[in-house]
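Worksheet: one structure, shown below.
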Ligand code: ACO
């Protein structure tokens, strides 16, 4: 890329301007955005699976209606994000193909199972809580369509987080058995939730460039720390224990010291060896195959309508 164009582009970013799809951008900026927005979109779509798993087993009509609405919201988030990625010159079919053949990632968290009803609370509280922590700053990201998609998504995501916390509160103040289920869900989801923010800053390959371009606003470790600081008092209010013996308040930094997740587990999950990677990919592949007749029908209808207009 021409150094003058690059400098002018960087100056626009530094001045807080939004970059819009038809404007000039460095190829690497475009590629990084396609990777990040595409991965984010795939996460929303695959993220429907662990919760969809409980829709038929929700304990009350009200909880079922809430869960249905939330899972539908995730589908909508995936669609806004695919649209934002499409403005960068990649098609949704292309992105889907890359998900299905394993060339594109989705968030590690969705490779963990939801074993009990309390897990649905833990997912809303911790997983959506971590997602918002990452997404609120992304409302100010430099690429216009991504930033606008984030504004809508964050509103819905905060409802998701609250319904999860409310479910955890119901479990934690219920019978001893229900409280034990809530604690068990927290035990299993705590470290995978911390992994959602990505590897430590030392290991994060993209952070420096992505932050210079304001594709990312914070480092992975900054957001992880904020998440821990926000979540510890919420756990205390519920009377639940964060599964970390090293958790201690650090007056100097004004935040909690905590144990790092097991990063070897994180990298194994990324390689496809998490507890549910195979199931998740099979479910997406089946959905794609099952939808083939419908996609073909839509295309045939579009061709006929176009031919009729010409005639
Ligand atoms: N799960 C899967 N892959 C991850 C994760 C994770 N939790 N964290 C990092 N990675 C991958 C990165 O994609 C990158 O791999 P790649 O080069 O093959 O793409 C590699 O690990 C190194 O990490 P970083 O250099 O730190 O990557 P990056 O700068 O992209 O930061 C982050 C990762 C924080 C997830 C960033 O991409 C981001 O903010 N994305 C938008 C939010 C998002 O995708 N949320 C999805 C989950 S929330 C939800 O859907 C409800």
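Numbering (full-length UniProt numbering), first residue to last: 13 to 323. Using N, Cα and C, we set each Cβ at its ideal position, and we do this for glycine too. Here the structure is a predicted model, which means the values were calculated and not measured.
Assuming contact is defined by CB atoms lying nearer than 8 Å, are residue i and residue j in contact in what I supplied?
i, j, result
"residue 292", "residue 58", "yes"
"residue 113", "residue 288", "no"
"residue 256", "residue 197", "no"
"residue 90", "residue 53", "yes"
"residue 84", "residue 136", "no"
"residue 56", "residue 29", "no"
"residue 177", "residue 246", "yes"
"residue 250", "residue 181", "yes"
"residue 138", "residue 243", "yes"
"residue 296", "residue 111", "yes"
"residue 25", "residue 154", "yes"
"residue 103", "residue 278", "no"
"residue 300", "residue 108", "yes"
Find the nearest neighbour of residue i within the set the options, judged by alpha-carbon distance.
i, options, result
"residue 190", "133, 168, 221 and 60", "133"
"residue 164", "115, 218, 294 and 93", "93"
"residue 80", "64, 72, 88 and 216", "64"
"residue 161", "258, 49 and 299", "49"
"residue 216", "203, 202 and 231", "231"
"residue 261", "253, 15 and 241", "241"
"residue 201", "218, 127, 233 and 221", "127"
"residue 47", "17, 199, 15 and 218", "218"
"residue 188", "239, 152 and 252", "252"
"residue 82", "42, 168 and 186", "168"
"residue 22", "76, 222 and 186", "222"
"residue 272", "14, 233 and 284", "233"
"residue 116", "263, 283 and 192", "283"
"residue 75", "317, 276 and 179", "179"
"residue 254", "239, 264 and 263", "239"
Just checking my contact of residue i with residue j at CB under 8 Å: how many whole Å lie between their CB atoms?
i, j, result
"residue 158", "residue 96", "5 Å"
"residue 44", "residue 227", "6 Å"
"residue 149", "residue 229", "4 Å"
"residue 184", "residue 194", "5 Å"
"residue 71", "residue 129", "6 Å"
"residue 140", "residue 172", "4 Å"
"residue 203", "residue 274", "7 Å"
"residue 286", "residue 280", "7 Å"
"residue 51", "residue 118", "6 Å"
Checklist entry - Should the segment 136-145 be called in touch with the segment 203-210, which here means at least 3 C-beta pairs below 8 Å? => result yes
Checklist entry - In chain order, which continuous runs of the alpha helix (DSSP H) of length 4 or greater are located wholly inside the segment 140-183? => result 140-150
Checklist entry - Quick one: complete alpha helix (DSSP H) runs, 4+ long, within the segment 199-262? => result 219-224 and 232-250
Item to check | Inter-stretch contact at 8 Å, needing at least 3 Cβ pairs: the segment 259-271 / the segment 16-36 | outcome: no
Item to check | Neighbourhood of the ligand NAD [Cβ distance below 6 Å to any heavy atom], ordered by chain position | outcome: Looking at this structure, you won't find the ligand NAD anywhere; what it does contain is the ligand ACO.
Checklist entry - Curious, which full-length alpha helix (DSSP H) runs of at least 4 residues does the segment 26-64 contain? => result 39-58 and 60-64
Next on the checklist: Please give me, in chain order, every unbroken run of the alpha helix (DSSP H) with length at least 4 that falls completely inside the segment 115-140.
Outcome noted: 129-134
Item to check | Length-filtered (3 minimum) beta strand (DSSP E) runs lying within the segment 256-296 | outcome: 260-262 and 267-269
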